[in-house]
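**Student:**
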Ligand code: WTA
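Numbering (the working numbering), first residue to last: 2 to 633.
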């Protein structure tokens, strides 16, 4: 069993050991897993070439660690509780034994379909147990899963399939999110028109929606598992073999396929789950994220299952059939650990406490947040109304690239402080650098957040683009991993993450690159150019503000704005639609033609007197005009 930190003193000792003696520290942690062959070296490589490796020479299968090793001891324990979108539909529960059987059966089905070790498989699925089963089956046979969040458009799916060179697709007919149907198969069909690399597309029948099954390409899930047995010899994988690709947005260009490898990710996801949430064997754990984002990968599927935990998967939305649904689910299953995003907390807070009447919530013992900075007001509301002032809140800071949580308190073990993620986990050495790239040694500091050394869960590369990986994360501050976040440190060493310092905006916890939205908007035939920036939004954390210059000027502004929204929804997905569009005669530019986003950011934030000196601009007059427009 993994070692659990159970006092502040143990945390300090573990942290010190992890920094002074990382190989011993992580070697000890890794020993608690099941290996076909132990590693030769705990760690090698470094940041310069981003060639770091963990547990090299080891052989294992992550699903044996999630499932097989638990069959004897806790085979009858519930692994997954599934709560459907519609509360009157029957729920499902799968024990470790049943989940193992389903994963084995689907592994056999995948192999029979022709999926090989090393192939990439694209998944576009609702929040149903089959999504977890499909990802685990990929991992079991040594295929690489690339999950695309169900809110992405056909174009985004196609881009990801092409980039990851996927040969296989796994999807479902569709599902309901609240009372809205989502026709996943139709969206996939549109995507696949552009993707001849896809050999077979496996479709799970979730909702009995009409599906146009393309002969020779589309297969029903139920048909391919029919003759498959429920035992399967898992593929023997190398520690550094790829486990999954997950696309995430950056400052420039198209989204990056962040690649994680097996052993390091496994050790890190498991260790952080156990210690941050202080999971106890009988507890019910619920993370409300979508499995299509990294939070779902690490803390709905892998982290909990690696610890033999019971993890709840909810298919629907918080407001269906009413805003009391989440609290009903907590009471129904006596959820002990609840992990969600600040944006959700703010939306629920905005509905008032009436929805909490007649809900007990007394089963809760730990609350968590992730995805964006949590403002103090939302933190206090969560603490008082949901946790009844009895549950520690773990504010967990991490990223797709980090694989698991890097900065967070350990529930009930280390102190919390509203709006602070607080202390680094063992193995993590945060550093704050100033504008010149110098490390700030003084305890109280503010600047850009970097990490000094590798930790096992760190992403290994950007798929097929190692140069871009090095360029994005390791060149801004040579020798350090640059997170893209700004942060502050207090005199006790607590970290407060203040938000992105690059051209990435965080909308309702979704990471969106401003360049992606601009590229989509620029597809409109009347758009000459555009600039997108974030602005503070009461519920979403940040909203998307688009400044658009047109040629010719559109006649019907309402229609034009609607068309822009449609284009963004079509190219990226509905969640990336701008909250505000302002049509301007030009964008502020330097004499060399660079758009001055800093000025637009200030304007979007309503800080009109802070735009600074504009006299050196190529077109200073547009600034006044834009301010006037935004003010009215
Ligand atoms: C932000 C999500 C403040 C941050 C796991 C980071 C946070 C980006 C927090 C990564 C937090 C995540 N406090 N900000 N607790 N957690 N972030 O890749 O800006 O979707 O860089 O991973 O979310 O988003 P990603």
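A virtual CB, placed ideally from N, CA and C, is assigned to each residue, including glycine.
#1: Buried or exposed for residue 420, please, with buried defined as at least 16 other CB atoms from any protein chain shown within 10 angstroms of its CB.
#2: What do you get for residue 608, buried or exposed, if any count of 16 or more other CB atoms within 10 angstroms of its CB means buried?
#3: How far does the beta strand (DSSP E) with residue 507 in it extend, from its first residue to its last?
#4: Measuring alpha carbon to alpha carbon, tell me which residue in 560, 443, 398, 147 is nearest residue 429.
#5: Check for me: the beta strand (DSSP E) holding residue 181 runs from which residue to which?
#6: In this structure, does DSSP put residue 319 in helix, strand or coil?
#7: Any idea if residue 24 is buried or exposed, counting beta-carbon neighbours within 10 angstroms, 16 or more meaning buried?
#8: Taking the CB atoms as reference points, tell me whether residue 402 and residue 240 lie closer together than 8 Å.
#9: Between the stretch 529-543 and the stretch 596-612, can you find at least three pairs of beta-carbon atoms closer than 8 Å?
#10: Would you kindly work out how many angstroms separate the C-alpha atoms of residue 603 and residue 457, rounded to a whole number?
#11: Could you tell me if residue 161 is buried or exposed, where buried requires 16 or more neighbouring beta carbons within 10 angstroms of its beta carbon?
#12: So residue 147 packs on residue 165, CB below 8 Å; how close in whole Å?
#13: Report the three-state DSSP secondary structure of residue 173 (helix, strand or coil).
#14: What do you reckon, is the C-beta of residue 347 under 7 Å from a heavy atom of ligand 1?
#15: So, are the CB atoms of residue 312 and residue 286 less than 8 Å apart?
#16: Cβ atoms of residue 324 and residue 362: under 8 Å apart, would you say?
#17: Beta carbon of residue 294: closer than 7 Å to some heavy atom of ligand 1?
#18: Within this structure, are the beta carbons of residue 84 and residue 292 separated by less than 8 Å?
#19: Buried or exposed for residue 417, please, with buried defined as at least 16 other CB atoms from any protein chain shown within 10 angstroms of its CB.
#20: If you reduce the DSSP assignment to three classes, tell me which class residue 465 lands in.
#21: Rounded C-beta distance between residue 404 and residue 459? I'm assuming under 8 Å.
#22: Exposed or buried, which one is residue 594 when buried takes at least 16 other CB atoms within 10 Å?
#23: Please confirm whether any heavy atom of ligand 1 lies closer than 7 Å to the CB of residue 608.
#24: Determine the direct distance from the alpha carbon of residue 61 to that of residue 6, and round the result to whole angstroms.
#25: Looking at the unbroken alpha helix (DSSP H) that takes in residue 54, where does it start and where does it end?
#26: Considering only C-alpha positions, which residue in the set 377, 332, 271 is nearest to residue 304?
#27: Does the structure place the stretch 272-283 close enough to the stretch 225-240 that three or more beta carbon pairs sit under 8 Å?
#28: Less than 7 Å separating the Cβ of residue 507 from some heavy atom of ligand 1?
#29: What separation, rounded to the nearest whole angstrom, lies between the Cα atoms of residue 34 and residue 569?
#30: Given that a residue counts as buried once 16 or more other Cβ atoms are within 10 Å of its Cβ, and exposed if not, what is residue 235?
#31: Using only the heavy atoms of ligand 1, determine whether one of them is closer than 7 Å to the beta carbon of residue 458.
#32: What three-state label does DSSP hand residue 42 in the structure shown?
#33: Tell me the rounded alpha-carbon separation between residue 504 and residue 254.
#34: Using 8 Å for Cβ pairs, my map puts residue 444 next to residue 492. What's the rounded Cβ distance?
#35: Which residue spans inside the stretch 187-235 form an unbroken alpha helix (DSSP H) run of at least 4?
#36: When the Cα of residue 127 is compared with those of 52, 101, 86, which residue comes out closest?
**Tutor:** The relevant details are as follows:
#1: Residue environment for residue 420: buried (at least 16 other C-beta atoms within 10 angstroms of its C-beta).
#2: With fewer than 16 Cβ atoms within 10 Å of its Cβ, residue 608 is classed as exposed.
#3: First-last of the beta strand (DSSP E) with residue 507: 505-508.
#4: Relative to residue 429, the option among 560, 443, 398, 147 whose CA is nearest is 398.
#5: 181-183 is the extent of the beta strand (DSSP E) around residue 181.
#6: The answer is coil: DSSP assigns residue 319 none of H, G, I, E or B.
#7: Exposed: under 16 other Cβ atoms inside 10 Å.
#8: No, the Cβ-Cβ distance between residue 402 and residue 240 is not below 8 Å.
#9: Because the criterion of three Cβ pairs below 8 Å is met, the stretch 596-612 and the stretch 529-543 touch.
#10: One C-alpha to the other measures close to 39 Å.
#11: With a threshold of 16 other beta carbon atoms within 10 Å, residue 161 meets it and is buried.
#12: So it is a contact: roughly 5 Å between Cβ atoms.
#13: Three-state DSSP puts residue 173 in a strand.
#14: In this structure, residue 347 has its CB at a distance of at least 7 Å from all heavy atoms of ligand 1.
#15: In this structure, residue 286 lies closer than 8 Å to residue 312 by Cβ.
#16: In this structure, residue 362 sits away from residue 324, with a CB-CB distance that is not shorter than 8 Å.
#17: Flag set: Cβ of residue 294 near ligand 1.
#18: No. Outside cutoff.
#19: So residue 417 ends up on the buried side.
#20: Coil, per DSSP.
#21: 6 Å between Cβ atoms; contact.
#22: Counting Cβ neighbours within 10 Å, residue 594 comes out exposed, since fewer than 16 surround it.
#23: No, since every heavy atom of ligand 1 falls outside the 7 Å radius drawn around the Cβ of residue 608.
#24: Approximately 26 Å between the Cα atoms of the pair.
#25: Per DSSP, residue 54 lies in no alpha helix (DSSP H); the unbroken beta strand (DSSP E) holding it starts and ends at 54-57.
#26: Per the Cα distances, 271.
#27: Contact fails: fewer than three Cβ-Cβ distances are below 8 Å.
#28: Set against 7 Å, the gap from the CB of residue 507 to the closest heavy atom of ligand 1 is smaller.
#29: The straight-line gap from Cα to Cα measures roughly 45 Å.
#30: Looking at its Cβ environment, which holds 16 or more other Cβ atoms inside 10 Å, residue 235 is buried.
#31: Not so, every heavy atom of ligand 1 lies at least 7 Å from the Cβ.
#32: When DSSP states are grouped into helix, strand and coil, residue 42 belongs to the strand group.
#33: When rounded, the distance between both Cα atoms is 11 Å.
#34: Right, the Cβ-Cβ distance comes to about 5 Å (below 8 Å), so this counts as a contact.
#35: 222-226, all fully within the stretch 187-235.
#36: Nearest C-alpha to residue 127 among 52, 101, 86: 86.
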